[in-house]
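**Student:** Okay, so the sequence shown: first residue is 1 according to the working numbering, each after it adds one.
We put the CB at the ideal spot given by N, CA and C, even for glycine.
Take a look at this one; I'll ask things after.
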Amino acid sequence: MREFKPLHGIRAVELSHMIMGPSCGMFLAFLGAEVIKVEPPSGDKTRRLTGMGASFFPLFNRGKKSVQVDIETSEGKEALYALVGTSDVLVENFRDASLDRMGIRPDDLRRKFPKLIFVSCKGFLRGPYEHRPALDEVVQMATGLAYMTGPQGRPLRVGSSANDIMAGLFGACGVLGALRERDATGEGREFRVGLFENSLLLVAQHMVQFALTGIEPPPMPDKIFSWPVYDVFQTGDGVDMFIGVVTEGQWEKFCRLLGLEEFLAHPGLQTKVAQIEARTWTMPIIRRAVAEKDSSELSKLFEQQRIPFAPIAKPSEMYDDPHVNREGGLIVSNLEGGSAFSAPGMPYEVDGLAGRGDMDVPALGAHTREILGGLGLDGEAIRRASGKRECGEEK
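Here you go:
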């Protein structure tokens, strides 16, 4: 069966670092685009991050080509403009002032290349905050996402770079729409994606709750319950497990599985509202009942009866999860030097199959000769444009 590569034949140039811009390019690569990551002579600084940042470059630059270009030089700028001239999409995530200093202005590029789709991944959309520096954590604090995540008085960021990744996805989504429109109009578009606005969308449900009810939503750990059971419990073998009982049918099955038939007959527990209001005395009983069973037994029973549940897992444990390790669950990416790692791909199936393809991580400058040579530059011109004495060889 043919692969799902709808962007085959589309070339995207990526001038970005960290996560937001690279994730946009990664999504385009997963969809089949040729994504060319333009790096300075010393390479993307993200390559050298350690600790929590050690995964950033390899994870979000899978499936791309790396070209070294020194855009501080006239030769480098000329090479970049020539490359953009052969491209459909340009993705960048630098400050506007930095782009001006580099001589890369959206208006200039759009005039010179009217079919170009220009995607700017920024901290904020245009407005009072547009020149502020932004980080995922900054916008989570600023929009109320951190407030909703931690308990009262202890705002906490979400435990992943959720805004960076999701904002990159919106950039890729915009590219798809612009390509579709360009088929009809022959003209490109300029997109600006905001990290702050992405986080704002994530808290929109709480904003609208307040707008409709006039009640300030409390942080999620201090939530007002809408269901009789929606909690983390400890099983008999010491496993922490989330269990959610959100329908009347699930309530009946849950009570029978735990031997709590008296709840079903209790006159004060005959409606969902009554069950929620009775949590102060029902929850201790439920916790004791859960603690009498092992996690494996509960998992089997809940799965059979279609009751939502999940043992509390660590990200590292996902490598041992049977669902994650099914065929197509993880994609192997090769690194320079012969090492490799496995990571998730796009979270969808097409015609019953998960997306695959070549998702290796490019070595610095690995495609400089291939790409710049394809623009007509000879060896000496490539050397000057790349700012290196020797360019990396093709993979």
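1) Would SER66 and ARG11 be called neighbours here (beta carbons separated by less than 8 Å)?
2) Output the residue ranges of the beta strand (DSSP E) runs that lie fully inside the segment 75-118 and measure 3 residues or longer, sorted by chain position.
3) Just to confirm before moving on: does the CB-CB distance between GLY186 and LYS115 stay below 8 Å?
4) Where do the ends of the beta strand (DSSP E) carrying GLY244 lie?
5) Please report how far the alpha carbon of ASN61 lies from the alpha carbon of VAL119, in whole angstroms.
6) Using C-beta distances below 8 Å, list every residue in its chain close to GLU393, excluding the 5 sequence neighbours before and after it, in chain order.
7) Which of the three DSSP states, helix, strand or coil, is assigned to ALA354?
8) With a threshold of 7 Å on Cβ separation, who are the neighbours of ARG2 within its own chain once the five nearest residues in sequence on each side are excluded?
9) Three or more C-beta pairs under 8 Å: does that hold for the segment 165-181 against the segment 18-26?
10) Below 8 Å between beta carbons: does that hold for LYS272 and PRO228?
11) Return helix, strand or coil for HIS8, following the three-state DSSP convention.
12) Please report how far the alpha carbon of GLY317 lies from the alpha carbon of GLY123, in whole angstroms.
13) If you reduce the DSSP assignment to three classes, tell me which class SER66 lands in.
14) To the nearest angstrom, report how far apart PHE302 and TYR230 are at their CA atoms.
15) Considering only residues of the same chain and omitting the five flanking positions on each side of GLU336, which have a CB-CB separation below 7 Å?
16) Between the segment 337-351 and the segment 41-53, do three or more beta carbon pairs fall short of 8 Å?
17) Could you tell me how far apart the beta carbons of LEU145 and LEU202 are, in whole angstroms, since I believe they sit closer than 8 Å?
18) Three or more C-beta pairs closer than 8 Å, one from the segment 45-58 and one from the segment 344-354: is that the case here?
19) Residue range of the beta strand (DSSP E) that ILE19 falls in?
20) What is the C-beta distance between ALA291 and GLN234, in whole angstroms, given that I count them as a contact (C-beta under 8 Å)?
21) So does LEU200 have its beta carbon nearer than 7 Å to some heavy atom of the ligand FAD?
22) When you compare the CB positions of GLU130 and LEU15, do they come within less than 8 Å of one another, or not?
23) So within the segment 201-233, which uninterrupted alpha helix (DSSP H) runs reach at least 4 residues, ignoring any that extend past its ends?
24) Taking the beta strand (DSSP E) that ILE71 falls in, what are its first and last residues?
25) What does DSSP give as the partner residue(s) for PRO40 in the beta ladder?
26) My assumption, with CB atoms under 8 Å, is that ILE117 sits in contact with ARG189. Please give the rounded CB distance.
27) In its own chain, which residues sit with a C-beta less than 8 Å from the C-beta of PHE210, not counting the 5 before and 5 after it?
28) How long is the line joining the alpha carbons of GLN250 and ALA33, rounded to whole angstroms?
29) What does a CB cutoff of less than 8 Å around ILE286 pick up in its chain, not counting 5 residues either side in sequence?
30) Please determine, among ASN163, VAL13, ILE276, TRP281, the residue with the shortest C-alpha to C-alpha distance to LEU224.
**Tutor:** On the basis of the coordinates in this document:
1) Numbered from 1 along the sequence shown, position 66 holds the residue referred to as residue 66. Numbered from 1 along the sequence shown, position 11 holds the residue referred to as residue 11. The answer is no: Cβ separation not under 8 Å.
2) 89-92
3) Within the sequence shown, numbered from 1, the residue matching residue 186 stands at position 186. Within the sequence shown, numbered from 1, the residue matching residue 115 stands at position 115. Yes.
4) Numbered from its first residue, the sequence shown carries residue 244 at position 244. GLY244 -> beta strand (DSSP E) spans 240-245.
5) Locating residue 61 in the sequence shown gives position 61, counting from the first residue. Locating residue 119 in the sequence shown gives position 119, counting from the first residue. Cα to Cα, the separation comes out at about 17 Å.
6) Taking the first residue of the sequence shown as 1, we reach residue 393 at position 393. Reliability of the predicted coordinates at GLU393 is poor, the pLDDT of 44 falling under 50, and the value obtained from them is presented with this limitation in mind. Answer for GLU393: ALA366, ARG369, listed in chain order.
7) In the sequence shown, residue 354 corresponds to position 354, counting from 1. DSSP places ALA354 in strand when its eight states are reduced to three.
8) Reading the sequence shown from its first residue, position 2 is the one you call residue 2. Around ARG2: no qualifying Cβ.
9) yes
10) Taking the sequence shown and counting its residues from 1, one reaches residue 272 at position 272. Taking the sequence shown and counting its residues from 1, one reaches residue 228 at position 228. Yes, the Cβ-Cβ distance between LYS272 and PRO228 is below 8 Å.
11) In the sequence shown, residue 8 corresponds to position 8, counting from 1. Correct three-state label for HIS8: coil.
12) The residue you call residue 317 lines up with position 317 of the sequence shown. The residue you call residue 123 lines up with position 123 of the sequence shown. One point to set straight first is that residue 317 is Glu, not Gly, in the sequence displayed. Cα to Cα, the separation comes out at about 33 Å.
13) Counted from its first residue, the sequence shown places residue 66 at position 66. Of the three classes helix, strand and coil, the one that applies to SER66 here is strand, per DSSP.
14) Indexing the sequence shown from 1 puts residue 302 at position 302. Indexing the sequence shown from 1 puts residue 230 at position 230. Straight-line Cα distance between these residues: approximately 14 Å.
15) Along the sequence shown, read from residue 1 onward, the residue named residue 336 stands at position 336. Once the five neighbours on either side are set aside, the close Cβ partners of GLU336 are ALA363.
16) no
17) As a first step, residue 145 is located in the sequence shown; it is residue number 145 there, counting from the start. As a first step, residue 202 is located in the sequence shown; it is residue number 202 there, counting from the start. With a Cβ gap of about 6 Å, LEU145 and LEU202 count as contacting.
18) no
19) Working through the sequence shown from its first residue, we reach residue 19 at position 19. No beta strand (DSSP E) holds ILE19; DSSP gives it neither H nor E.
20) For this step, residue 291 is matched to residue 291 along the sequence shown. For this step, residue 234 is matched to residue 234 along the sequence shown. At roughly 6 Å, the Cβ-Cβ gap stays under 8 Å, so ALA291 and GLN234 are in contact.
21) This structure lacks the ligand FAD, and indeed carries no ligand of any kind.
22) The count along the sequence shown starts at 1 and reaches residue 130 at position 130. The count along the sequence shown starts at 1 and reaches residue 15 at position 15. No, these two residues do not count as a Cβ contact at 8 Å.
23) 204-213
24) One-based indexing of the sequence shown puts residue 71 at position 71. Premise fails: ILE71 is in no beta strand (DSSP E) and is neither H nor E.
25) In the sequence shown, the residue the question calls residue 40 occupies position 40. BP columns for PRO40 are empty, so no partner.
26) Numbered from its first residue, the sequence shown carries residue 117 at position 117. Numbered from its first residue, the sequence shown carries residue 189 at position 189. Confirmed, about 6 Å.
27) As a position in the sequence shown, residue 210 is number 210, starting the count at 1. Closer than 8 Å at Cβ, skipping near neighbours: GLU216, PRO217.
28) What you label residue 250 is simply residue 250 of the sequence shown in a count that begins at 1. What you label residue 33 is simply residue 33 of the sequence shown in a count that begins at 1. Taking the straight line from one Cα to the other gives about 45 Å.
29) Start at 1 with the first residue of the sequence shown, and residue 286 comes out as number 286. Result list for ILE286: VAL229, PHE233, LEU258, LEU260, in chain order.
30) Residue 224 sits at position 224 when you count from the first residue of the sequence shown. Note on identity: in this sequence residue 224 is Ile, with Leu being the wrong assignment. If we check each option's Cα against that of ILE224, ILE276 comes out closest.
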